[in-house]
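Engineer: Chains as they are written, first to last, in the working numbering: chain G, 1179 to 1899; chain X, 1179 to 1899.
By construction, the Cβ of each residue, glycine as well, lies at the ideal position given by its N, Cα and C atoms.
Pasting in a structure now, in structure tokens, and then I'll have a few things to ask.
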């Protein structure tokens, strides 16, 4: 207990669970935030001391006003600063002198507002870097502790205390979350922090600190980009081991990114890397804002399905079942294969009109007797291939649809299902088209953590989230730890910072040098040779004994093939001529290029073209990418990402995310490769790349998969050295 | 008026707007459907005669019971048959004798239940084919006319009469629709028909008939497949010119198709063709069941945006705006480019803290004054590039969020927006995270047809639907008419039916015959020649003067390349040898193959591989398909479909649906082709294919796009002749 308490008393924890609050810029004017915050704390019954601060003194809402920050008692947990941007620095300095643990800065007018605001923000940043006080914001809607009533946002609505921690970049996303919690009767919030411009406290630290709160069972994030994505990966990879983390991204599209920039001054990177790395660290992604509360709520209360088991759909009427199955299949969720025994037992319960496949359609058997549902769930639970039951249709609303006299029976059926499933930690998700009526049977289900939704699609989103989380946790020993992500942060940060204007700009290394560098680090890149004269070119081709590709090697030349710098299928007889031709042409077309020679490599037979690359991402540090290769890679965009270091399991999952992975098993006579072998290559390339100093970008494109295996056709390496 | 009335009195219209109802199988037992229907009609104040029919006689709910069908008055509009499957045929026969216009058959136990039921269904079908009575069902939940209270489903909930017609395959989808209408306060239903097994009245006829009702402004469909897809295309292409039609498909996945089969005995085909042909005929597709009511409601009330104009997003707070823009971009909806004048006018209204790009973020300007929204909308309307305004954030909830004293101002602001937009027929969609509280300002918006939703994603779905419908109607003159789809129905049906077991099975035509057939119909397939001997092979290659591809021509051989039946880059010197080699090998490997010779065609330089094909679809008749080609076409699945006949505009839209279309403009030195030229080819191939008798399947795969244009590398033609 002591340890936990100690942990909870770090400044960020004190800020989230404050035992005293100073309201700086408190006001007697009910139209001002400085009044509303005091009012809100009182209305919510916040039980600890509140100190309004205003140079005018007097009293606000019955509380004596402190005339300046320096007159506050020492070591206040939290100061909320309701003063304009220009005053914030002075107020913070005073707070620090008085030992205030953390401050929430509401003002806007910083980076999001233009150059002058950006200057103010930099000033503030330098001050905070000196230590002594932690800051949330600026440009934030505030913080709320729903347990003790510390509501700095000043909500005017009744809210339920619940198990979900929420961190959002935009204040309005809190309003959406609360609306969805109320609308869908999902589990409520425990604590909320609006990060705003993230000048100090950011997602990663807050995520870790929030997970230390015993009252938090799941964490919902809304982000438009991460200032230090690698730290977030490290934090999330650890937090996700104990807590579900759900992320809604804003700024996924080009237009959305521009909007995010003007709104909190944060630039979110391309969305594809985010999708890959978040899956890697076990973060649940939601694509729709209207699913954040529902999915986070479901994950906070649902037990996990048996690893590897499938989903059973229990329905009344085929229409809903068909739609549920469509969405499950689209989400890649496997339906359970029911055993003969299970089918027999269901048939016995449901009679001849029912369909006892999966989905199970109870048809008209249930109309007469809702309690049959409880028995079906029990039968399904006993099938080892059923990990979760999704009930779709009318459950809980039969008494509304057919006969109100059935209500007690339906209450009892739902209570029985809930208690029974709770005792066995068996996950159930319920869709009912009477959910919006809030019938009492649903309350029994929810009381035991069973999500009930009125939308089939929301129900499937819950199922998907819990099944995917189960799969992630089920193989946790084979996944990269947070510390491994963290370890790379320092040197990577340095290399990223070197990309600034005054640093030497990173350059593409000539291919022979790149291949030699990789080979020096123990990585084979296939047969190749450098020819520095026409004669050498002939000799090299002769030595390989097969037709070769010849590629110009020249500094200051980017798209070789566009200027005739690549010739394919050259035999020994013509090699010298091709060399002379090619070098003359390049000298002509690009006089500035410094020609080193020609790279000679045996022709590679046609096959499936793959892409494999490592890049130093400004958000997430070193990433590895795999997908469809060739010159159309950017147009086709069939590429998946993961953060380095990567494990074989993670590489396999990355491969299977691509469409091209469907061709790897061999297709209509095309060559095949096992996902395992490819995963090993990916892991090797990843670890080699990490050993190469100053590496910014490494691309093998294409890697050709043909009858004789994998062949690297082209190596491109960019470094800052 | 007379004409309309006459039309309305066709049997299916009488069934939907009955002036008399017979309840066959009426019962005095409140637990029976035969009681509940009578009760439901009375409860809803159905104003016309109700005739309960039951051999026991007496009275039910105060109405004298008719003892048998033959004692009914003549020409009753609608009989609802609440009798078991086995009795239905006799009852229908009696109904027909009495001139009953239409019957709704509730019983299940037909095709969906197994062989015995399928037999009953066939018997019923034969009876109906004789004419004299129209039938909805069997296995249906019934029909409801919300205007006159003719509710055969027996709902126990209050419902609002509204402008949406609904046709569903599954009865439970009605419950979902009604739940969503209530939950989201969207426009209600005018008439509902549950089709069930569609033994007689199907989607196409009902769609056309429903559109004749003056009270119907939009039609919502839920379907798990169409028994006669071509008739539906013909109907939808015409109805969509006057009425929005929204379709939710069930059975899109493999598992979902199996489920649909066991549920209404209908088999839905692959989903890709459905997506293509529905877009072609102007049907709005929704992917989520929870969007059917919302989108149909929005389309029923929203005016259309100016053709070609973009969308403006008006937000309070960047978080919601960023998410809205993300989803709009993902849906392919263009954001409006605001003019300098517009920006200036907005800046004047909103002050310095606002962001006056698109999205427009009113920032804190509005908190103080919701009526500013009305002025912003007016400014945006005056910008010629703004076709629609999407408002996201808190509109209508400011008085709940900040100060209840603001309510009158907010009511007034929303009323002003609604009246103003209504007068100008300017489309506005509103997202508000206070929607679930049903604040009165939202009622003003809804009263004038402005959809208000609590979900950003639902709001974007409404925007997308109305923008896409505007684009479709905006170019209506360039689209295929229903009659043109209809014209092909007869012969196509015949050819599809020929595929039955006892008809000659369709066969693949040898490629030379296929090419000759196409050439005879005026379509060039490129240079080729048939060699019947080794000497001829050498001569042919010599005549072409370039290296050629040689392909075996043999009956009874499917995958030529798998058995060594294809050789590339053969020159004249080696042609004879290759011929001998190839024919010997095939004779060896496939003794049953009848070798005709070898097809010789000049080698085609590498390029982008495309697919173009025509197929006789069992659901929709002749379809044309275009996309990424090569041997991986089935694995990559980047193919779009349209029904034939196709117009150039429709072909262009089909091309742009594929991912590979991004490469057509030329990419990193690859050859390019205009979408127009490709569309012309597609239209030509489509009309040629329609002229070829007995055609079942035509495939050009690949068509290679290289520097010298498009080249057909392989022709495959399957016919029933």
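Among the residues of its own chain, which have a CB less than 6 angstroms from the CB of residue 1260 of chain G, if the five just before and after it don't count?
Structural biologist: Counted from its first residue, the first chain places residue 1260 of chain G at position 82. 1203, 1211, 1212, 1284.
Engineer: Using a C-beta cutoff of 8 angstroms, does residue 1859 of chain G count as contacting chain X?
Structural biologist: On the first chain, residue 1859 of chain G is found 681 positions in, with the first residue counted as 1. No, residue 1859 of chain G lies away from the interface with chain X (no Cβ there is under 8 angstroms from its Cβ).
Engineer: I want to verify the contact list: residues of chain X whose CB lies under 7 angstroms from the CB of residue 1738 of chain G, in sequence order.
Structural biologist: For the purposes of this step, residue 1738 of chain G is identified with residue 560 of the first chain, where counting begins at 1. Chain X residues near residue 1738 of chain G: none, gap ~11 angstroms exceeds 7 angstroms.
Engineer: With a floor of 3 residues, list each beta strand (DSSP E) that falls wholly inside the segment 1439–1526 of chain G, ordered by position along the chain.
Structural biologist: With a minimum length of 3 residues, the continuous beta strand (DSSP E) runs that stay inside the segment 1439–1526 of chain G are 1462–1464, 1488–1493.
Engineer: DSSP on residue 1230 of chain X, reduced to helix/strand/coil?
Structural biologist: What you label residue 1230 of chain X is simply residue 52 of the second chain in a count that begins at 1. Note: residue 1230 of chain X maps to strand in three-state DSSP.
Engineer: Can the beta-carbon of residue 1312 of chain X be found closer than 8 angstroms to that of residue 1369 of chain X?
Structural biologist: Taking the first residue of the second chain as position 1, residue 1312 of chain X is located at position 134. Taking the first residue of the second chain as position 1, residue 1369 of chain X is located at position 191. In this structure, residue 1369 of chain X does not lie closer than 8 angstroms to residue 1312 of chain X by Cβ.
Engineer: Which of helix, strand or coil does DSSP assign to residue 1210 of chain X?
Structural biologist: Within the second chain, the letter at position 32 stands for residue 1210 of chain X. Residue state, collapsed to three classes: coil.
Engineer: Hey, is residue 1768 of chain X's beta-carbon within less than 8 angstroms of any beta-carbon in chain G?
Structural biologist: For the purposes of this step, residue 1768 of chain X is taken as residue 590 along the second chain, with counting starting at 1. For residue 1768 of chain X, the answer is no, since every Cβ of chain G falls outside 8 angstroms of its Cβ.
Engineer: Counting only Cβ-Cβ distances shorter than 9 angstroms, please list the residues of the segment 1507–1541 of chain X near chain G, keeping chain order.
Structural biologist: Flagged, chain order: 1507, 1508, 1513, 1530, 1531, 1533, 1535, 1536, 1537, 1539, 1541.
Engineer: Going by DSSP in three states, residue 1180 of chain G sits in which element: helix, strand or coil?
Structural biologist: For the purposes of this step, residue 1180 of chain G is taken as residue 2 along the first chain, with counting starting at 1. Legend: pLDDT at residue 1180 of chain G = 41, less than 50; position of this residue unreliable, value from coordinates given subsequently. Residue state, collapsed to three classes: helix.
Engineer: Once DSSP output is grouped into helix, strand and coil, what is the label at residue 1243 of chain G?
Structural biologist: Here residue 1243 of chain G refers to the residue found at position 65 when the first chain is read from its first residue. The answer is coil: DSSP assigns residue 1243 of chain G none of H, G, I, E or B.
Engineer: On a CA-only basis, which of G/1869, G/1898, G/1859 is nearest residue 1890 of chain G? Give me that one, please.
Structural biologist: Walking along the first chain from the start, residue 1890 of chain G turns up at place 712. The candidate whose alpha carbon is nearest that of residue 1890 of chain G is G/1859.
Engineer: Taking only the alpha-carbon atoms, compute the straight-line gap between residue 1888 of chain G and residue 1833 of chain G and give it to the nearest angstrom.
Structural biologist: As a first step, residue 1888 of chain G must be located in the first chain, where it is residue number 710. As a first step, residue 1833 of chain G must be located in the first chain, where it is residue number 655. Their backbone Cα atoms lie some 15 angstroms apart in a straight line.
Engineer: Ignore the nearest five residues each way along the sequence and tell me which others in residue 1578 of chain X's own chain have a CB closer than 7 angstroms to its CB.
Structural biologist: Here residue 1578 of chain X is taken as the residue at index 400 of the second chain, counted from 1. Once the five neighbours on either side are set aside, the close Cβ partners of residue 1578 of chain X are 1612, 1615, 1617.
Engineer: Can the beta-carbon of residue 1884 of chain X be found less than 8 angstroms from the beta-carbon of residue 1784 of chain X?
Structural biologist: By one-based count along the second chain, residue 1884 of chain X stands at place 706. By one-based count along the second chain, residue 1784 of chain X stands at place 606. Their beta carbons are under 8 angstroms apart, which means residue 1884 of chain X touches residue 1784 of chain X by this criterion.
Engineer: Could you tell me whether the Cβ of residue 1757 of chain G comes closer than 8 angstroms to any Cβ of chain X?
Structural biologist: By 1-based counting over the first chain, the position of residue 1757 of chain G is 579. Residue 1757 of chain G does not count as touching chain X.
Engineer: Can you tell me where the alpha helix (DSSP H) with residue 1811 of chain G in it begins and where it stops?
Structural biologist: For the purposes of this step, residue 1811 of chain G is identified with residue 633 of the first chain, where counting begins at 1. Element bounds for residue 1811 of chain G: 1811–1814.
Engineer: Pick out the complete alpha helix (DSSP H) segments inside the segment 1696–1741 of chain G, 4 residues or longer, and give them in chain order.
Structural biologist: Correct list: 1712–1722.
Engineer: Could you check whether residue 1507 of chain X and residue 1433 of chain G sit closer than 8 angstroms to each other, using their CB atoms as the reference points?
Structural biologist: As a first step, residue 1433 of chain G must be located in the first chain, where it is residue number 255. As a first step, residue 1507 of chain X must be located in the second chain, where it is residue number 329. Yes, Cβ-Cβ distance for residue 1433 of chain G and residue 1507 of chain X is below 8 angstroms.
Engineer: Taking 8 angstroms as the threshold (beta carbon to beta carbon), is residue 1376 of chain G in contact with chain X?
Structural biologist: Indexing the first chain from 1 puts residue 1376 of chain G at position 198. Judged by the 8 angstroms Cβ criterion, residue 1376 of chain G is not in contact with chain X.
Engineer: Suppose contacts are defined by Cβ-Cβ distances below 8 angstroms. Is residue 1490 of chain G in contact with residue 1371 of chain G by that definition?
Structural biologist: Along the first chain, read from residue 1 onward, the residue named residue 1490 of chain G stands at position 312. Along the first chain, read from residue 1 onward, the residue named residue 1371 of chain G stands at position 193. Not in contact: residue 1490 of chain G and residue 1371 of chain G (Cβ atoms no closer than 8 angstroms).
Engineer: Is the CB of residue 1468 of chain X under 8 angstroms away from at least one CB in chain G?
Structural biologist: Here the question's residue 1468 of chain X lines up with position 290 in the second chain. Yes - at least one Cβ of chain G is within 8 angstroms of the one on residue 1468 of chain X.
Engineer: Let me see if you follow: with CB-CB separation under 8 angstroms, is residue 1888 of chain X close to chain G or not?
Structural biologist: Residue 1888 of chain X sits at position 710 when you count from the first residue of the second chain. For residue 1888 of chain X, the answer is no, since every Cβ of chain G falls outside 8 angstroms of its Cβ.
Engineer: Whose C-beta lies closer than 7 angstroms to the C-beta of residue 1749 of chain X among residues of the same chain, with five residues either side of it excluded?
Structural biologist: Taking the second chain and counting its residues from 1, one reaches residue 1749 of chain X at position 571. If we look at residue 1749 of chain X and ignore the five residues flanking it on each side, its Cβ neighbours are 1719, 1725.
Engineer: Alpha carbon to alpha carbon, how far is residue 1646 of chain G from residue 1812 of chain G?
Structural biologist: Within the first chain, residue 1646 of chain G is the residue found at index 468, counting from 1. Within the first chain, residue 1812 of chain G is the residue found at index 634, counting from 1. When rounded, the distance between both Cα atoms is 29 angstroms.
Engineer: In this structure, what does DSSP give as the bridge partners for residue 1761 of chain X?
Structural biologist: Locating residue 1761 of chain X in the second chain gives position 583, counting from the first residue. Its beta-bridge partners do not exist; DSSP assigns none.
Engineer: Does residue 1361 of chain G come within less than 8 angstroms of chain C when only Cβ atoms are used?
Structural biologist: Given the protein chain composition of this structure (G and X), no chain C is represented.
Engineer: Here's a check: name, in chain order, each residue in its chain whose Cβ is nearer than 6 angstroms to the Cβ of residue 1310 of chain G, leaving out the five neighbours to either side.
Structural biologist: Taking the first chain and counting its residues from 1, one reaches residue 1310 of chain G at position 132. Cβ neighbours of residue 1310 of chain G beyond the five flanking positions: 1274.
Engineer: Which residues of chain G have a Cβ atom closer than 9 angstroms to the Cβ of residue 1634 of chain X, listed in chain order?
Structural biologist: Position 456 of the second chain holds residue 1634 of chain X. By Cβ distance, chain G contributes 1354, 1466, 1467, 1468.
Engineer: Answer yes if the segment 1806–1821 of chain G comes into contact with the segment 1756–1771 of chain G, meaning at least three C-beta pairs across the two stretches below 8 angstroms, and no otherwise.
Structural biologist: As far as the Cβ criterion goes, the segment 1756–1771 of chain G does not touch the segment 1806–1821 of chain G, which means the pair count is below three.
Engineer: Over what stretch of residues does the beta strand (DSSP E) that includes residue 1619 of chain G continue unbroken?
Structural biologist: By 1-based counting over the first chain, the position of residue 1619 of chain G is 441. From DSSP, residue 1619 of chain G is part of no beta strand (DSSP E) but of the alpha helix (DSSP H) over 1618–1625.
Engineer: By DSSP's criteria, residue 1687 of chain G is part of a beta bridge. Which residues make up the other side?
Structural biologist: By 1-based counting over the first chain, the position of residue 1687 of chain G is 509. For residue 1687 of chain G, which the question treats as bridged, DSSP gives the partners G/1895.
Engineer: Could you list which residues in chain G have their beta carbon closer than 7 angstroms to that of residue 1503 of chain X, in chain order?
Structural biologist: Taking the second chain and counting its residues from 1, one reaches residue 1503 of chain X at position 325. Within chain G, the residues near residue 1503 of chain X are 1431, 1433, 1434, 1437.
Engineer: Scan the segment 1334–1367 of chain X and note each continuous beta strand (DSSP E) run of 3 residues or more that stays entirely inside, going in chain order.
Structural biologist: For the segment 1334–1367 of chain X, whole beta strand (DSSP E) runs of length 3 or above, ordered along the chain, are 1339–1346.
Engineer: Pick out whichever of G/1861, G/1416, G/1703, G/1712 has its Cα sitting closest to the Cα of residue 1661 of chain G.
Structural biologist: The count along the first chain starts at 1 and reaches residue 1661 of chain G at position 483. Considering only alpha carbons, the answer is G/1416.
Engineer: Out of X/1728, X/1699, X/1701, X/1695, which one is the CA nearest neighbour of residue 1707 of chain X?
Structural biologist: Within the second chain, residue 1707 of chain X is the residue found at index 529, counting from 1. Of the listed residues, the one whose Cα sits closest to residue 1707 of chain X is X/1728.
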